[in-house]
Amino acid sequence: MKHFLSTKDFTRTEIEGLLERAFAFKRGEDTSKPLDKNSIALVFFNPSLRTRASMQVGIYELGGNVVVLEPGGTSWTLEHRDGVVMDGDKTEHVAEFVRVLGRYCKAIGVRTFAAMKDWEAERLDPVLNAFAKHADVPLINLESAMHHPCQALADMMTIRERFGEKSKRVVLTWAWHPKPLPMAVSNSFALAAAQAGHTLVIAHPKGYELDDELMNDARMFAAHAGGSVEVMHDVDAAFDGAHIIYAKSWGSKNFYGAPEKDIAERAAYREKWIIDAAKMRRTDDAVFMHCLPVRRNVIVTDEVIDAANSIVIDEAENRLHAQKAVMAMLLGEN
Amino acid sequence: MKHFLSTKDFTRTEIEGLLERAFAFKRGEDTSKPLDKNSIALVFFNPSLRTRASMQVGIYELGGNVVVLEPGGTSWTLEHRDGVVMDGDKTEHVAEFVRVLGRYCKAIGVRTFAAMKDWEAERLDPVLNAFAKHADVPLINLESAMHHPCQALADMMTIRERFGEKSKRVVLTWAWHPKPLPMAVSNSFALAAAQAGHTLVIAHPKGYELDDELMNDARMFAAHAGGSVEVMHDVDAAFDGAHIIYAKSWGSKNFYGAPEKDIAERAAYREKWIIDAAKMRRTDDAVFMHCLPVRRNVIVTDEVIDAANSIVIDEAENRLHAQKAVMAMLLGEN
Amino acid sequence: MKHFLSTKDFTRTEIEGLLERAFAFKRGEDTSKPLDKNSIALVFFNPSLRTRASMQVGIYELGGNVVVLEPGGTSWTLEHRDGVVMDGDKTEHVAEFVRVLGRYCKAIGVRTFAAMKDWEAERLDPVLNAFAKHADVPLINLESAMHHPCQALADMMTIRERFGEKSKRVVLTWAWHPKPLPMAVSNSFALAAAQAGHTLVIAHPKGYELDDELMNDARMFAAHAGGSVEVMHDVDAAFDGAHIIYAKSWGSKNFYGAPEKDIAERAAYREKWIIDAAKMRRTDDAVFMHCLPVRRNVIVTDEVIDAANSIVIDEAENRLHAQKAVMAMLLGEN
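Chains as they are written, first to last, in this note's numbering: chain F, 469 to 802; chain S, 469 to 802; chain P, 469 to 802.
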């Protein structure tokens, strides 16, 4: 049994296989129903549009049935720590939640964002790992504190769709947002782009570094795949010659637990880091990508997101196809 | 591609076609599956029983799959205005939301009530129209600020079921409710009854007029269809000779943004405007209709809603059949 | 037409039939689709994991379609009392809600916990009974103020699975919980265990007696079935020789409406009544059961719930099979 928690757990060949299957689904060539008669649970600690809708549609198209649960909403609040005396506000332990779901469902998807309170704890993805520890069925990470591998797979598919197999200059750029956001999307994009052998530039203001271990992983993957990873703090220079601009805001790991300090810190970067037409003109006719939801005229101007080179809707569509490939891989042989 | 936003966008012949199809579904004669392999998104900004349940069942019976989203709940908060700098509390723009959903789903149903804060803005149905502006797939209006065409179609079906094709004396009557409600149901009922050529009486206290443009449309449709539209302020006289009593409370357009003033204004009408047995005795053995939910002994007495002539449950059932006809029309040819 | 509101409405033979069918589903021998083309409504006034997931999966596996509604959340707030002037905070009456749902769906499941405010009113299960009064289709009780028959049926199946048809020493034991909980699970377990002819011991501190009428019913059933019902207040002695330890916390009927008094009253029992290894050693190698969710190290220690004799996950799985048997019985002949 395999989980899908991060692209880093999969070889380049395995990822290539997922992309091929995803394209076969998109072209309508693959109409197999590997989930026939099976139910899949989707567990949402956080809101969702693309993930929820694309997973529901994907499971249906693969012949399966969806059960959606929202802990703390439609379902009970969940404790994930081991050995706790549960006399507080948590009603059920992940140990029971996950094992029970595994009796009803053939796989479990889970979305659990960073709380952004304690960097050292959250960088280890404690909730996701509690799910993985107790799960008797495959888990699909639908965005955890540190990873969003379904997004990253869809991103790689979207780049492949536009540019073929060639290595490109891919710029992952920070942008201002009114509050600090988790870095799962950025982490997973960086890893997957490195695994794919792209020339990856990560642009962010000083103080907004990604996790050290993750950066080491990315550099190692890039070295293996014939690509590179570079960090830049000059946003304008970062755009020079880019083929892909991938925008994402995230919070500083230095300010977990103190969002007001992050908000003060980032205030200086608002105008400077927005993705606008002037910056896009420095690129090599780059496409614009973002995982969505995106705040218009905050992260990116209307002009850029509404331009022909904006491929955010294709990128969102590819979530569907990529996730079908993941589910077919995890459950197809059953 | 066609949307279903208001019955006024459809000819009398087209509406007749929808009613015929709806009856064929109800009689069990039409068991076609025009939605086979397709997913439909249902977007609820507001609560729902009939709409949610009947759409889910209808889509299933037509062979399709449902994805339900609640912006601000299970899904992200939505901005619908163009050109806004999104640095407030809205997370995603309708422009992306609708286009992404259109990649996963073959049609989108949306329910978005009036906020009842700004009459001049809301009478133009801004959220619904933002959806329509960006949608690449058919939209189904599941009640907007100004229209509830699925309800109106089910209402016309219910009247047809009871009275055949004859023109009847149809009384749309205001009733007291503890707080001001949107007028979408009243608007759509008035339009559809006028389009069907009924003798339409709209009874309400002075100050509770429907929208001027809508009333003009209704009068124009009535003239074309050989019917009429009359407004009365004497609720007792309005009941005289009626064949159909259609009750609905709504707020005054004069008090959008000031509900407490509407509540003060309407206080005098509470006992006077309730639908009770005494008023029903003035009618020509009229049936009682209401779109539901209805507050018993506030809008209508238990005696009237529990009487044999109350057809509110049939009316609710017909939502299912009417909406199946709408979806079959919008998507059947695909 | 029959409802499934409590096991006490069914004979021992009927319950045996349900268990046989449930085992046939579990073994994969029964793959019939009695719900084909049918929709079932699930109405949740309260959160749920097992009930929601197992019902959704069960309905799918029986060939049907699920509509989930949450009154006061996704759906309107509901009034259940007859004759009320609905000018308060309730938007729709159960009389309409249930009859409308019955037009769309072939059965209705409803979960409506005790509010724990008024014992004399709630012990009569007023919301469930309002549903039953108005329902034109079979109702399935998914936990009401006083009963949780689906849980009890799964419990009997789990005991049967482990011990065969023999009568066993079954101990239903109260445990400390930070706040008073409803007694539906305890009530239904007591009734079903008595109906099955077990030697039933109910252990709880003085003041935590179950309902008098329910205890009389249980004693009557036990007498008929060749079993017995005994109440004990010494938790340690109660464990002596037990084959099954069934733990559940509940509130005192003396403190409905005054939870703070119950919390004060129970404070003395926290350490005393926890299910721990020392108590389990007094049993005849008993299995540990709990309906879940369970608070670890509050109701039961990690050591006990994680031991080989803990069968809480099997018990939860059996919800699925037992409920499929109930639905097949209620709707199979259609």
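Just so it is clear, CB atoms sit at the ideal spot from N, CA and C, and this is done for glycine as well.
Item	Value
Rounded distance between the beta-carbons of F/A658 and F/A686, thought under 8 angstroms	5 angstroms
Segments of 4+ residues assigned as alpha helix (DSSP H) that fall wholly inside the region 656-697 of chain F	680-693
Beta-carbon separation (whole angstroms), P/F565 vs P/L596, contact threshold 8 angstroms	With a Cβ gap of about 13 angstroms, P/F565 and P/L596 do not count as contacting.
Near-chain F residues of the region 784-795 of chain P (beta-carbon distance less than 8 angstroms), N- to C-terminal order	A784, E785, L788
S/T542 and F/R520 closer than 8 angstroms at C-beta	yes
Simplified DSSP assignment, three categories, for P/A613	coil
8 angstroms Cβ cutoff met for F/R571 and P/E785	yes
Boundaries (first-last residue) of the alpha helix (DSSP H) holding S/V568	562-572
Per-residue contacts from F/N506 into chain S (C-beta, under 8 angstroms)	Residues of chain S passing the Cβ test: none, with the nearest at roughly 15 angstroms.
F/S543 at chain P interface by Cβ criterion, 8 angstroms	yes
Given F/L678 as reference, the closest of F/N722, F/H711, F/N506, F/G709 once Cα atoms are compared	F/N722
Chain-ordered residues of the region 701-734 of chain F with a beta carbon less than 9 angstroms from chain S	none
8 angstroms Cβ cut-off: residues of chain P touching S/N777	Chain P residues near S/N777: none, gap ~16 angstroms exceeds 8 angstroms.
Contact set for S/H672: own chain, Cβ-Cβ below 6 angstroms, skip 5 residues either direction	W642
Assigned exposure category for F/R787 - 16 Cβ within 10 Å defines buried	buried
Under 8 angstroms between C-beta atoms of P/N609 and P/V578	yes
Chain P within 8 angstroms of S/A745, Cβ atoms only	no
F/H711 versus F/V669 - alpha carbon distance	11 angstroms
Any C-beta of chain F under 8 angstroms from that of S/T580	no
Proximity below 8 angstroms, CB of F/G695 to CB of F/G665	yes
Any C-beta of chain F under 8 angstroms from that of S/K470	no
Beta carbon proximity, S/L569 to chain F, threshold 8 angstroms	yes
Bridge-paired residues (DSSP) for F/S778	F/F756
S/L649 to P/D557 span [Cα, whole Å]	14 angstroms
For F/I527, the three-state DSSP class (helix, strand or coil)	helix
Nonlocal neighbours in the same chain, by C-beta distance under 6 angstroms from S/T769, ignoring five residues either side	D744
From F/K716, F/K747, F/H616, residue whose alpha carbon lies closest to that of F/A886	One cannot answer for residue 886 of chain F here, as it falls past the ends of chain F, which runs 469 to 802.
Contact check, F/D593 vs F/A613, beta carbons under 8 angstroms	yes
Own chain residues within Cβ distance below 6 angstroms of P/E590, not counting five before or after	A582, A613
Cβ-based neighbour list, S/Y528, same chain, cut-off 6 angstroms, excluding 5 preceding and 5 following	none
Buried/exposed call for P/G526, threshold 16 Cβ in 10 Å	buried
Whole-angstrom distance between F/S522 and F/T622, CA atom to CA atom	Per the sequence shown, residue 622 of chain F should be read as Ala rather than Thr. For F/A622 and F/S522, the distance between alpha carbons rounds to 11 angstroms.
8 angstroms Cβ cutoff, P/M554 in contact with chain S	yes
C-alpha gap between S/N802 and S/P502, whole angstroms	In this prediction, S/N802 scores a pLDDT of 43, lower than 50, which makes its location untrustworthy; no coordinate-derived value is stated.
Proximity test, Cβ basis, 8 angstroms: F/L649 and chain S	no
Beta-carbon spacing of F/R567, P/I781 below 8 angstroms	yes
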